[in-house]
Ligand SMILES: [Zn+2]
């Protein structure tokens, strides 16, 4: 999970992990349509804090990820069990910044899991998982169940 309900995000705008304008638009629109309607408050941070305490919560990057995955999310700075000050979302180049996958990786950043890791456990493709289905369809939204999960915690 992220460390509180105020979620600041940044999208890499230069260098080898830069998002193209179209990718940024996908992320911006996805956050506005899927996560802003939850109890999370989503803000863009144009001057990201990358070290110390109170870092920018989610960094979106475009670049290579391990193995055959198209997206990968990890905690860069754990502050407690399952709580993270800064989470990195990296999605492969070549058109993989889709609403569904960016919703999925953002879900991990705020504490959502795959069906196999959920309680109660669910099939990885159970539609109740919304964009946390694995594999993830390009346009699957967050869904009411995941909105409730987020709102129950934050
Ligand atoms: Zn995943």
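Residue numbers (this note's numbering): 26 to 179.
Glycine residues also receive a C-beta, built at the ideal position from the N, C-alpha and C atoms.
Buried or exposed: which applies to residue i, given that a residue is buried once 16 or more other Cβ atoms fall within 10 Å of its Cβ?
i: residue 32; result: buried
i: residue 115; result: buried
i: residue 34; result: buried
i: residue 85; result: buried
i: residue 111; result: buried
i: residue 45; result: exposed
i: residue 134; result: buried
i: residue 120; result: exposed
i: residue 82; result: buried
Residue i bridges to which residues according to DSSP?
i: residue 69; result: 34
i: residue 86; result: 115
i: residue 108; result: 105
Just to confirm, is the Cβ distance from residue i to residue j under 8 Å?
i: residue 156; j: residue 27; result: no
i: residue 145; j: residue 59; result: no
i: residue 107; j: residue 48; result: no
i: residue 159; j: residue 149; result: yes
Measuring only the C-alpha atoms, how far is residue i from residue j?
i: residue 118; j: residue 36; result: 14 Å
i: residue 175; j: residue 124; result: 18 Å
i: residue 152; j: residue 70; result: 32 Å
Of the residues the options, which one's Cα is nearest the Cα of residue i?
i: residue 96; options: 75, 126, 68; result: 126
i: residue 98; options: 129, 81, 121, 77; result: 129
i: residue 76; options: 93, 103, 64; result: 103
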